[in-house]
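Accompanying notes for the structure given below.
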Amino acid sequence: VTVAHLVTQGSSAYYNNAVTIDGSSITPEWQGGSAPSAGNASSLDVYTYTIIKTGDATFTALASQTQFA
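Right, dumping it as structure tokens:
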């Protein structure tokens, strides 16, 4: 399944730093190799997650953050 999470940012930007699937925290594989460390002020940040079930209560998540301004 693929999910797009849209975050409208004001002058104080926030970012998604935790991902939970079925009650378990996971560490996504981020596009470009590293997780974002900040949001983008006064813009629209779109987080896209492709979630792949790989076993019983086991998931792989591919993630990206894209800024639209």
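The sequence shown begins at 15 in our numbering and counts up one residue at a time.
Yeah, the Cβ is synthetic: ideal placement off N, Cα and C, and Gly gets one too.
Only a predicted model underlies this, so the values are computations on that prediction, with no experimental measurement involved.
Using a Cβ distance threshold of 8 Å, Ile35 and Ile65 count as a contacting pair.
Residues of the same chain with a CB within less than 7 Å of the CB of Pro50, apart from the 5 flanking positions on each side, are Tyr29, Gln79 in chain order. Between Thr16 and Thr72, the C-beta gap is not smaller than 8 Å, which leaves the two residues out of contact. In the three-state reduction of the DSSP assignment, Gln45 falls in the coil class, being assigned neither a helical nor a strand state. The shortest CA-to-CA distance from Leu20 to any of Asp59, Ala75, Gly69, Ile40 is the one to Asp59. In this structure, the beta-carbon distance from Ser56 to Gln23 falls below 8 Å. Annotated three-state conformation of Tyr28 is coil, per DSSP.
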